[in-house]
Amino acid sequence: MTGTKIDGKIIAQSVKDRVKKAVVELNTQGIKPCLATVLVGDNPASATYVRNKHKACEEVGITTKDHKLDANTSQVQLNEIIENLNNDNSVHGILVQLPLPEQLDEFTTTSRISPLKDVDGLTPHNAGLLAMKKAALVACTPSGVMEMFDFHGIELEGKNVVLINRSNLVGKPLYHLLLDKNATVITCHSKTKNLEELCKSADIVITAVGDRNKFTLTSDMIKDGAIVIDVAISRFKEKLVGDADYEDVIQKASFATPVPGGVGPMTVAMLLKNTITAASLSSQIGK
Ligand code: GUN
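Each number in my numbering comes from the position in the sequence shown (counting from 1) with 1215 added on.
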């Protein structure tokens, strides 16, 4: 039996519809939600992602500020831009697109963002709050995956989840979100032994490797009725693909996300949601 496609475009639209209403409400309170993006260098994929984020903001009435910086920008210059955005009361969310050119350090950069404007949930403050189940701003891709489970009424309690990623943006936040829903989470990475066996034992496989030469998830690696969430996107044989062979795994899975049109649109939608949250947080300061 073929499984159900988890359609990220439809779920993202439902999030955007809610955000649009929240923007109208904030406007009536005199708050104009604004997201500032910072893009350093000329990575074409990053430029496309940032463009899509701006377009999505426009669709829901969030204003944007666009900072495009030269590939040779120094850490001092980048720090100064972040400091200015932190101090700019008209800006509610700050997103520094990753990866950064090699002269710039990701931790040094993202940890300077004001936690109240940290729409990526990457600052030590917000990552710590997430680990303690108290976060208001959570990384966009992980919260987008949780929204997908919620949309389809997928119960996580007691489920065995194999998570193939341990990054600060995806694996670590997802680990906490899943654990907080009482799932049992095994976090895998490049040094994990018996990955195939672990995948076969899982009720849910969430994969974010992003290199088909290293890893492809196929139907023989999952159990009957498993749920497959594919967070990866990469170019392989001239096509945009995820880690999973979608047409193959959907024959055996109960639910699976396609690529493109799966988790990707959710990341953007949750960024909009976080910007609204950040705008609301700013209005509560001093109250
Ligand atoms: N690069 C890839 N995904 C992301 C993301 O969610 N946030 C940022 N800042 N950079 C990214």
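Cβ atoms here follow ideal geometry from the backbone N, Cα and C, with glycine treated the same way.
| Query | Result |
| --- | --- |
| Length of the line joining the Cα atoms of Asp-1435 and Lys-1374 | 20 Å |
| Strand pairing of His-1282, partner residues [DSSP] | Val-1253 |
| Separation of Glu-1362 from Ser-1229, as counted between CA atoms | 10 Å |
| Whole-number beta carbon distance between Gln-1244 and Ser-1497, since they are thought to touch under 8 Å | 11 Å between Cβ atoms; not a contact. |
| Per-residue DSSP class, three states only, for Val-1360 | helix |
| Local conformation of Lys-1502 per DSSP, three classes | Low per-residue confidence applies at Lys-1502: pLDDT is 49, beneath 50, and the placement is therefore not dependable enough to give any value. |
| In chain order, each beta strand (DSSP E) run of at least 3 residues that lies wholly inside the region 1289-1370 | 1308-1311 |
| Gln-1292, buried or exposed, once every other Cβ within 10 Å from all chains shown has been counted against 16 | exposed |
| Burial state of Gly-1440 (16 or more Cβ within 10 Å) | exposed |
| Nearest candidate by alpha-carbon position, reference Thr-1252, set Asp-1445, Tyr-1390 and Asp-1281 | Asp-1281 |
| Pro-1248 to Lys-1268 span [Cα, whole Å] | 14 Å |
| Beta-ladder partner(s) of Val-1385, from DSSP | Looking at the DSSP assignment, Val-1385 forms no beta bridge with any residue, so it has no partner. |
| Distance cut-off 7 Å: Leu-1356 Cβ against heavy atoms of the ligand GUN | Note that residue 1356 corresponds to Thr in the displayed sequence, not to Leu. Yes, the Cβ of Thr-1356 comes within 7 Å of a heavy atom of the ligand GUN. |
| Given 8 Å, three or more beta-carbon pairs between the region 1461-1475 and the region 1375-1391 | no |
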